[in-house]
Every structure is written in C-alpha cells, then in structure tokens.
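For the first sequence, this note's numbering gives the first residue as -1, with consecutive numbering after it. By construction, the Cβ of each residue, glycine as well, lies at the ideal position given by its N, Cα and C atoms.
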Amino acid sequence: MTLLQELESRLVAALTAALGEPVSAAVTTAADLRFGDYQSNAAMVLAKQQKKNPRALAQEIIDHLDLTDIATADIAGPGFINFRILPAAYAARMAALIRDERLGVPATGAGKTVVVDFSAPNVAKPMHVGHIRSTIIGDSLARIARFLGFKVIADNHIGDWGTQFGMIIYGWNHFLDEAALTADPISELVRIYRKVNALKEDPGILDACKAELVKLQAGDPENLAIWQKCIDVSKAGLQKIYDRLEVKFDHWHGESYYNDRLAGIVAEFLEKGIARESAGAICIFSDGTKPKEEDPFLVHKEDGWTDNPAIIRKADGGFLYATTDLATLQYRIDEWKADHVWYVVGVPQQLHFRQLFDAAARWGKSCDFQHVQFGSILGDDRKLMRTRTGENVGLVEVLEEAVERAAKAIAEKNPDLQGEEAARIAETVGIGAVKFAELSQGRLTDYVFSWDRMLALQGDTAPYLQYSHVRIRSIFRKLDAPFDATSADIHLTEDAEIHLARLLVRFGEVLPTILEDFRPNLLANYVLELARAFHSFFEACPVLKSDEPIRSSRLALCELTSRTLKQGLYLLGINVPERM
RNA sequence: GCGCUCGUAGCUCAGUUGGAUAGAGCAUCCGCCUUCUAAGCGGAAUGUCACUGGUUCGAAUCCAGUCGAGCGUGCCA
C-alpha cells in the first residue's frame, strides 16, 4: 500500500467513526510544502453536504484519526486537514522500497491485456517530425503499462495498403530511377510519390493511379511484386529509426495483413443491416439511432444536421481504412483477447474513431477502446505539417541534429570524454532530449516546431535528469568497498534528505495515475522533481565524507534514487549514461 | 454554418479534475567550484489565468455567451 493509500484508509476509518456511516474521502499531495506532505479537503466537501461547519467537522475527524507512527495532522484555512509525515515513517518507507524491485509501484494492470496501436507510419513516405508524437508517446505508454503489470501488445499498424500505392505504382512504372533506388531506396520512393502527387491534377493520371490500386487489391502479380519491394525497403528504413529510438513492437500487422477479411466484413455489415449502399458506396449510417448530441454519424452542414457515414467500401469496390480498422479490431479481440485497445493517433482523426467505436459497439464487439489523441506539430506558418507538400523537417534530421548538439556540449563541458564513449553518450543525451521534449508537455497542446525547443539541453530537459544520475554514479565509483543498501539503517535529519524521501515515496503513487488519462507528462514532471530534490541533496549533504551511520544511510538513499530515476526515465524511453 | 482541441509570466509550458498567497524552465539580476562531476545549487524579479456574465463558503478549473488559434465535417489515411 502506498503512503497516500495508507493515509486515505485511515481517514476513511476516522470519517466512518465520526459520522457513524461509511464515507469515501480523498487525500492528495499537498499543494504547497508549507501545508505539509499530504492534504484532504474531505471536511469541506462533507460539511457542504451536511450543512455543518467545516472546521468543526475537521476537528471531529482528527479526534477520530489514528495516525500512530505515520504522521501528524492539523486543520488549516477553511477546513483543510494537513498531514505531516514523520521522518521516521519516511525512513521506514525507504528501507522497504530498497528491498522492493517494483519500487513501490502497484501492479494495477495484472491480468489485463492491452493492445497499444502507435507510430503506424505510411510506408513509402518519409517519417517527418509530425510522426514523432505517436511513436514516442505510444512507446512510453506501452512501457508504463507493462511495468504496471498489463500484458502489453505493441502493434505497428503501418499504412501499407492505402491509396498512396496507386500513385507509387504509377510512379514506379513511369518515373523510377533504378540507380537511385539502389543507392537510397526511401528517397527514391518519396521522390516518385511526390512527383505523381504533383501530377494528379490531371484527371487521366489520377484515374490511372486508382486503376493501379484496384489491380493491386485484386491481386495482380506484377503490382504485388512492386508493392512487396516497396514494403521491404520501407520497413528496413523504418526499422533503423526505431532501433535508434529503441522503440520495439511485438507485431507489425499493417493494413495489408487484414486484406482477405475486408470483403467478409462488408458482407456481414450489410447482412446485419448495420451498413447499406449509398451512391454506390457501402456506408454505415446512424439512421437516427441516437440523439444528435452524442451521434458521431451526424454532422451539421449549411442546410442542417445530416448523416455523415463511415464508408467501408468505395463505389469502385476499393476498401478504406474504416474497413481495415474494423477488421483489425476484430482480430485484436478474437486472437489477442484484448481487454483494452489504445489508439495513439492525432486529434484530426477523432471523428473517425468515434465512428469506429460506435460501429464496433453495434457490431457487438465489447472492449475498452481509447483514442489517445494528441495535438498537432505546426510549421512556421502555424499550419499542420503535411507529407504531401514536403516542406517539413525529417525525423532523421532531427535526431542527427540532436546528437550533434549533444556532442558539442560534451566536448565543451567534459573534454576528458573522447572517441567512441563520447559518441555513445552524445547519442543517449541527444535522443533523450528529443523524447523528453515531447513527453514533458500535455499531449493535447499544438505546438510550432522549433529546433531550439526540441533540442534544448539546459533546464527542464533530459540531460538535467541524466546528469543527476551521473552524479550518483560518480559517488559509487569513488566507493572503495561494495555497498549493500538493503542492510543500511536509514536516518533522515536534513531537509534535503527528507524532501528526497518524500519524492521517492511518490513514485508508486504517480505511476498508476498516468494511465487514467494517458498523460506521460505526469511522469516527466515527477522525475524532474525527483532530480531537483537529488541535486539539492547532493549540494547540501556530503555522502562519502559523512560519518556512520549517516554515510550508509545516505548511500542507500542515493542507491534508491538512482534506481527510481533510472526506472522513471526508462518508462519514458530514455536511457541514462554512467558519466557525461 | 456546426463539431472537436485549445487560449495561463517577455518566450516555451505545467497546474494532481472546484481549494489555501496560480507554479517550473528559458531569458534578466545577485551569490556559490582548495569538499562526492557547476549540464549544478541558493536567492531576486516577473501575472487583468483571452473577454463578459453565471453557479458557491471558494473558479485558471464547472455553465452560457463573445473574441482569437488549429483541426474536422461522404468515397485519403
């Protein structure tokens, strides 16, 4: 049980005793350290319901509150109950956490299977900075869920079957430069894609592209061979980026994986009356089954509310991503026994997911579907970055630049580091900086892409966090004999020590809340606070030069901080160097 | 038109779901390396929480409206 849960259960016991009936109450971390460590506004909430005086009620609660060996409590302001944790209680927690491989994190996901659908780039298009959010946020959520005990299936649902292949095959047949394809396959695919994209104003060419797509989806061997070749080179290119980012998938079930199920699904939807034909296409309509406020299929047009269908088969017989998504969701439930599916996809697709989830419900698929949406990365013009126009910054370029800047910083700040070791650290620091920039902000905010913002190395950044770990390791490097943290007695006397303990205890409290709203930035905030607490401790409290038993106590505190920091950063997908 | 996501310090952003004097980082100013890595620490300064009303003991947070930004709204994904 976390410290917060312990306080909560004691508070509930006191409330029940005071009021003579069971009541629930919440404890939160204190808004300000002046008020203590934790606080509750239960007295004010209940006083309102029962028309009592909040401070008097708070006193009544405190009279029934048993906080022996944990904390002291007092009343403040309009009726807050503030808890101050006893240093001895923190010390006891520290000793327990040092022996706990899970660092106090409860296994809230045990027994549940979650499919995390993230990254999902279109193959044969370059990954640009706009793709970074899904990849990094999704990977972090997958890592966090795994640590919380979920069975996690990370699935890269790549766009390998869409309309762009009509254009690519057309381009392959008309404009392909074989030499360029051998030299740099991805760039060549991008080049022909953009070339055809620019030409498709011509209705003749557009039709030719559509015809190539229909041939492909019908199984034409020549187009299939071109398609396969495109997939292979694209996947190899993507894999390089994922390796560099240390992002791993359990599966790459792209859209093409579900191809042979699509016709059956359309037939089933028609048969069950969920879908019907309209203007030659097969569509899912709401048909007035819901009030318009909560109906994803109704959209307002100039002439009023109108049914806005999800199209699952085009008039020309082709299938769309609503169709593949239905097939995919069926597969994930039937084959993977998913209890939850998290789609880490941008805000612009929210209408699609509302319709998809609604259609799935009508289809009888029960599962917790979540669209984990995130804001857009905008260009300098404050417009969305788009692949088609090709003006935006490539993902590889961003990583290269990040590592280069990190290398420059290392050369400046620690010239002793040289060669291969320096290069490895630059990679860890540079990539970490990019990931942290992404994960430390709320996922819904739109932002304008900026090199300095994404690659900052000062302040609230990954290097600050990595540096705190480096400082800890440097203490242990200077240690003459091996140190066993589990046998140390913990003594907390200095403010900086107590504050460090205060934060170490919170790791297990923070982590489960992240998945309530899918907000890795809460973890980012936590590790920043932890690192700040450590840096203050490091400046204020000598470790190796202090006398026993303080020396061992502080070494144990360092060891626990090191593990917690490393684990927290790992869950954000960020590595820690031994020195920097 | 309608819907969605937003609007917080000079800049970039947090704000634990209605709580106490709204917080960080950057930039600015003042201190700190004969002591475990100064990519650091300590301190100062910085606000009409877009605007107007409403709900209540209490609002950046909830409701209504206005202004502003981005996105979406039938055969792309």
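- Between L101 and L5, the gap from beta carbon to beta carbon reaches 9 Å or more.
- Pairing F267 with D356, the inter-Cα distance amounts to about 13 Å.
- In this structure, F163 and L214 form a Cβ contact; the two beta carbons are roughly 6 Å apart against a cut-off of 8 Å.
- Straight-line spacing of the CA atoms in Q464 and L558 works out to 15 Å.
- Inclusion of F372 and S138 in the CB contact set at 9 Å is not warranted, their separation being larger than that value.
- Within the same chain, Cβ atoms closer than 6 Å to the Cβ of I309 are found at A279, C281, L318, the five residues on either side in sequence being excluded.
- When the Cα atoms are used, Q348 and R469 turn out to be separated by approximately 44 Å.
- Residue pairing of D366 in beta bridges, as defined by DSSP: H338.
- The segment 293 to 349 contains, as complete alpha helix (DSSP H) runs of 4+ residues, the segments 319 to 332 (chain order).
- Around the beta carbon of W449, fewer than 16 other beta carbons lie within 10 angstroms, which makes this residue exposed.
- Under the rule that a run must span 3 or more residues, no beta strand (DSSP E) segment is found entirely inside the segment 418 to 454.
- K246 sits exposed, since fewer than 16 C-beta atoms from the chains shown fall within 10 Å of its C-beta.
- The Cβ atoms of G157 and E253 lie closer than 9 Å to each other.
- A straight line joining the alpha-carbon of L437 with that of M578 spans about 22 Å.
- Restricting attention to L513, R500, N519, G506, the CA atom closest to the CA of Y36 is found in R500.
- Contact annotation: the segment 110 to 128 touches the segment 219 to 233, with at least three C-beta pairs closer than 8 Å.
- Proximity to T106 across A74, H129, F148 peaks at F148, based on C-alpha coordinates.
- Between E402 and G428, the CB-CB gap stays under 9 Å.
- Assignment of beta-bridge partners to N80 by DSSP yields Q37, D72.
- According to the DSSP assignment, T111 belongs to the beta strand (DSSP E) that extends over 111 to 115.
- For R131, the enclosing alpha helix (DSSP H) starts and ends at 130 to 145.
- With a 10 Å radius around the Cβ and a threshold of 16 neighbouring Cβ atoms, H298 comes out exposed.
- Looking at M383, V342, D332, Q368, the one whose alpha-carbon comes closest to that of G362 is D332.
- Annotation for A93: no beta strand (DSSP E) segment contains it, though the alpha helix (DSSP H) segment containing it runs 85 to 96.
- DSSP places C281 inside the beta strand (DSSP E), whose first and last residues are 279 to 282.
- D115 is a Cβ neighbour of V342, given a cutoff of 9 Å.
- Excluding its 5 nearest sequence neighbours in each direction, D444 has C-beta neighbours in its own chain below 7 Å: G373, S374, L376, listed in chain order.
- The continuous stretches of beta strand (DSSP E) do not include D205, which lies in the alpha helix (DSSP H) extending over residues 201 to 215.
- Under the three-state reduction of DSSP output, L382 falls in the strand class.
- The three-state reading of DSSP puts V264 in helix, counting H, G and I together.
- In the same chain as L197, and ignoring 5 residues on each side of it, the C-beta atoms closer than 7 Å to its own belong to I203, in chain order.
- DSSP places E275 in the uninterrupted beta strand (DSSP E) bounded by 273 to 276.
- Counting the other Cβ atoms within 10 Å of the Cβ of L243 gives 16 or more, which makes it buried.
- For D153, the pairing in a beta bridge is given by DSSP as D115, H249.
- In this structure the segment 501 to 514 lies against the segment 89 to 104, because at least three pairs of beta carbons, one per stretch, are closer than 8 Å.
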